[in-house]
Each structure stands twice: as C-alpha cells, then as structure tokens.
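Throughout, this note's numbering is defined as the position within the sequence shown, counted from one, plus 7.
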Amino acid sequence: MTLQIGIVGTGWFGMMHAEKLAKLDGVKVTGFVATSQQKADEAAMRFDGSKGYSSIHHMLDDRKFDAVYICVPPFAHGEIEKALIERGIPFLVEKPLGVDDELPSEILKGIEEKKLITSAGYHFRYMEGTDRAKELLRERTTLMALGYWMGSMPGVSWWRKLEGSGGQFVEQTTHIVDLLRYTVGEVSEVYAAYGERYMNTVEEGVSVPDVGTVTLKLAGGAVATISNTCAIPAGDRSGLHIYTNKGVLELGHNGLIDTEAGRKTEYANRQNPYELENDAFLHAVKTGDPSRIRSTYADAMLTHRVTIAANDSARTGLPVKV
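Shown next, in the form of structure tokens:
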C-alpha cells in the first residue's frame with residue numbers, strides 16, 4: 008500500500024516535510040496547495056507525479072489522499088481543516104493551531120465527532136533528550152522551570168502582525184510551553200508581561216510585542232517562567248531548564264545536559280525529530296493505531312490555550328486561569 012500525501016503550504020515547513028516524505032518507501036507526495044497556482048505548480052514539479060492546486064477543495068476533488076500535511080501561517084487555518092474533517096482525511100498540522108481560541112475549539116469538535124487521526128508539529132516531544140528527561144524526572148522532584156526563546160524577528164510580513172501570527176509567544180514560544188507540559192505537567196494559571204521595546208521603531212507594520220515574560224503555575228505545584236524576545240540580532244537560543252531536587256536538566260535542540268552534584272552527563276539528539284514525528288503519524292494512518300503520536304490536535308489545543316491565556320493576561324494585566 009502506497010500512502011498518497013497532500014501538502015498545504017509551500018514555505019519552508021511544507022517543502023521540508025515533502026522532501027522527507029518523498030524519501031520514504033510506500034509514500035508518495037501527490038498534491039500541493041499554495042496561495043497561487045504558480046507557487047503550487049513550482050512545488051509539484053519537484054516531485055514525480057505530483058500536481059499543484061490553488062485551493063484545498065480543488066485538490067481533494069481531483070485526487071484521493073490518505074493524509075494531508077497543513078503547513079500554513081497561523082491566520083490561514085480553518086477552511087483547510089474543515090474540508091479534511093468533512094471528508095474524513097487524517098492530517099498533521101504545524102503549530103500553532105491558530106491566532107485565537109474559538110476556531111481551533113470548533114475544529115477540535117469536528118475531529119472528535121469524526122474520530123479523526125491527527126498529529127500536531129510539536130517535534131521537541133520526539134527528541135531523545137526529551138525522552139531521557141522524562142525518565143529522569145520520574146525519580147526526581149521538579150521544583151521549577153525556566154524556558155526561553157530568544158532570537159530575531161522573522162522576515163515574513165504576517166509574522167509581525169498580531170492578527171497574522173498571534174505574536175511570538177503563540178507562534179514560536181509555544182514549543183517551550185508544550186515541552187514544559189510534556190515533561191513537567193499541566194499549567195493551571197498564567198501571568199504575562201509583554202513590551203514593545205525596539206522592533207516597532209525599525210520595521211514597518213509591527214504590532215507584536217518584541218519582549219515578554221510569562222509566569223506559569225503548574226497543577227502539580229511547580230512554578231515556571233518562560234521568556235522570549237524577537238529583537239536580538241545575535242545570540243539566539245531556545246530551550247527549557249528544569250530545576251529538581253537532584254540538580255538541573257537543560258533541554259535544547261542538541262539534546263539534554265543533566266547537571267548533578269559533582270557530575271554532568273550529556274545526552275545528544277542523534278535522530279531527526281521531524282522524521283520520528285512523521286513515522287508516528289504515518290504508522291497511525293496505515294494501521295489505525297495512533298499510540299506513537301505524541302501530540303494529537305486535542306493535546307496541542309491544551310498548549311495553544313496556555314499561549315492564548317498569556318496573551319489575554321498581558322492585555323488585561325491580570326492572571327488568567329487555564
């Protein structure tokens with residue numbers, strides 16, 4: 008059985024997934040949807056037997072698909088997911104799920120009614136360092152955590168508009184919120200302070216804050232702080248430090264550093280987490296067994312609600328219960 012896969016979105020994420028999928032046995036990328044027919048055709052030309060389409064409806068009317076990857080900006084969600092739910096087609100969606108709470112909640116209702124297989128692109132969950140951190144945390148008491156996503160502002164115009172991306176905490180730092188949930192536990196309350204320090208003075212049309220700090224209370228009693236900025240030209244980094252009764256666990260793109268009294272152990276990420284994420288999703292599509300998927304749409308919704316609550320808190324100046 009060869010799985011027929013469609014890709015919606017021909018930016019970096021869409022093409023990254025397409026290239027990885029095309030190398031797999033028993034998988035064929037046969038359709039691309041882009042914001043223009045020309046962009047869709049250009050993407051499809053790179054893959055044997057693939058076709059380009061200007062809308063999700065045209066693609067689904069023309070060919071049969073076993074699954075679809077959704078790789079679009081936060082503001083572009085809604086119509087795509089609803090079309091796939093209506094036809095019962097499983098999908099993997101890149102984070103975040105949207106720019107508000109209402110639309111993803113509506114989509115989730117449709118997914119649950121259809122019992123549809125879904126996956127969300129929280130690839131940090133598939134890192135070997137994350138696996139090791141979860142193992143170690145079973146034997147340790149988590150005290151608190153510090154997370155961060157520090158970098159520069161992406162060059163695309165939609166990202167710098169609040170209605171386009173939801174802001175940095177929703178669009179990027181969501182990975183760190185999700186990693187906190189996955190390793191330490193559920194968030195019960197957030198209090199956020201955002202600021203506009205620099206980027207709105209040097210770039211046109213910036214309506215997203217360029218600095219922010221969010222304090223999070225966790226259901227299990229631990230506390231956390233996650234900070235971000237999109238205003239620095241150098242020194243970018245992202246990760247999560249978990250402080251325990253035995254020392255510190257530092258989780259990042261490269262792996263895990265476990266610092267205990269008199270000992271430091273490093274665990275490298277050897278496998279590509281995107282490939283592990285694909286493997287889990289495609290296994291579920293083939294077999295109907297979703298047990299390897301580490302973030303379903305429903306689970307991703309819990310992370311998304313934390314980030315939207317942070318935006319609400321920053322706007323009102325009040326703590327928000329999740």
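Cβ atoms here follow ideal geometry from the backbone N, Cα and C, with glycine treated the same way. Source: prediction; values computed, not measured.
Item                                                                                                             : Value
Cross-strand partners of G227 (DSSP beta bridge)                                                                 : Answer is none; G227 lacks a bridge partner.
Between the CA atoms of H311 and F82 - distance to the nearest angstrom                                          : 14 angstroms
Helix, strand or coil at D48 [DSSP, three-state]                                                                 : helix
Residue nearest to R322 in terms of C-alpha spacing, selected from T137, V163, G219, G136                        : G219
Cβ-based burial, S320 [other Cβ within 10 Å; buried from 16]                                                     : buried
Contact check, S57 vs G38, beta carbons under 9 angstroms                                                        : yes
Minimum C-alpha distance to F176 - residue among A317, L247, V163, L115                                          : A317
Stretch-stretch touch, CB-based, cutoff 8 angstroms, three pairs: the stretch 101–116 with the stretch 201–216   : no
Burial state of S298 (16 or more Cβ within 10 Å)                                                                 : exposed
Cβ neighbours of N261 in the same chain (closer than 8 angstroms, five flanking residues each side left out)     : G136, A275, N276
Coarse secondary structure for A318, derived from DSSP in three states                                           : Correcting the residue identity first, residue 318 is Asn in this sequence and not Ala. N318: helix per DSSP, three-state reduction.
Beta-carbon separation (whole angstroms), T149 vs A229, contact threshold 8 angstroms                            : 5 angstroms
Cα-Cα separation between V163 and A152, rounded to whole angstroms                                               : 31 angstroms
Touching by the beta-carbon criterion (3+ pairs, under 8 angstroms), the stretch 131–145 and the stretch 106–114 : no
Length of the line joining the Cα atoms of V15 and F131                                                          : 22 angstroms
8 angstroms CB neighbourhood of D69 in its chain, flanking five on each side removed                             : G38, K58, Y60
Counted within 10 angstroms of its Cβ, other Cβ atoms place L127 as buried (16 or more) or exposed               : The sequence shown places Ala at residue 127, not Leu. Classification for A127: buried.
The alpha helix (DSSP H) enclosing T137, as first and last residue numbers                                       : 135–144
Where Q175 sits in the DSSP three-state scheme                                                                   : helix
Extent of the continuous alpha helix (DSSP H) run through F288                                                   : 280–294
Own chain residues within Cβ distance below 6 angstroms of V313, not counting five before or after               : V184, V194, V329
C-beta contact flag for L67 and K35 at 9 angstroms                                                               : no
Range of the contiguous beta strand (DSSP E) that encloses S126                                                  : 125–127
A29 and V40 closer than 9 angstroms at C-beta                                                                    : no
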